[in-house]
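Everything in the sequence shown is counted per full-length UniProt numbering, starting at 1 for the first residue and increasing by one.
All residues carry an ideal CB built from backbone N, CA and C; glycine is no exception.
Since we're looking at a predicted model, the values are computed, not measured.
See structure below.
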Amino acid sequence: MELELNSKEPIYIQIKNYMKMKIVSGELKKGERLLSVRDYASELKVNPNTILRVYSELENEGLINTQRGIGKFLTEDEAIIDNLRKEYSKELLRDFIHKSKTLGFSKEEILELIMNMYEEE
1 MELELNSKEP IYIQIKNYMK MKIVSGELKK GERLLSVRDY ASELKVNPNT
51 ILRVYSELEN EGLINTQRGI GKFLTEDEAI IDNLRKEYSK ELLRDFIHKS
101 KTLGFSKEEI LELIMNMYEE E
């Protein structure tokens, strides 16, 4: 998974969402130590204050925690990660259902599409 920054939304939101996807996908492991603010900013070529804000917001959401003098770590709380995964799935489904209704599909047709796509995967 690669981060591609665009100008449509603030950079810190793009980075925060990118990190959340890495958490949900398991690319970042529970309890894993994160890069320092400075190192991550350098890697992404952004201002360290941007990463500081991202880390702060993720910490407020319970996704990461700080061990003073050691660094920042991804939560080990599976419930928090599972809730985030469900939240993302609901968002995708809401968008899919809305667009399918706009195209004139009935509830039964939408469910059939989902079932067929699931079987194809």
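Val-54 and Tyr-118 have their C-alpha atoms spaced approximately 34 Å apart.
Listed as beta-bridge partners of Leu-103 by DSSP are no residues whatsoever.
Here Gly-62 has Thr-75, Asp-77, Ile-80 as same chain residues with Cβ atoms under 8 Å from its own Cβ, once five neighbours each way along the sequence are excluded.
With respect to the C-alpha of Gly-31, the residue from Ser-106, Ile-110, Ile-64 having the closest C-alpha is Ile-64. Taking C-beta atoms as the reference points, Leu-35 and Leu-3 fail to come closer than 8 Å.
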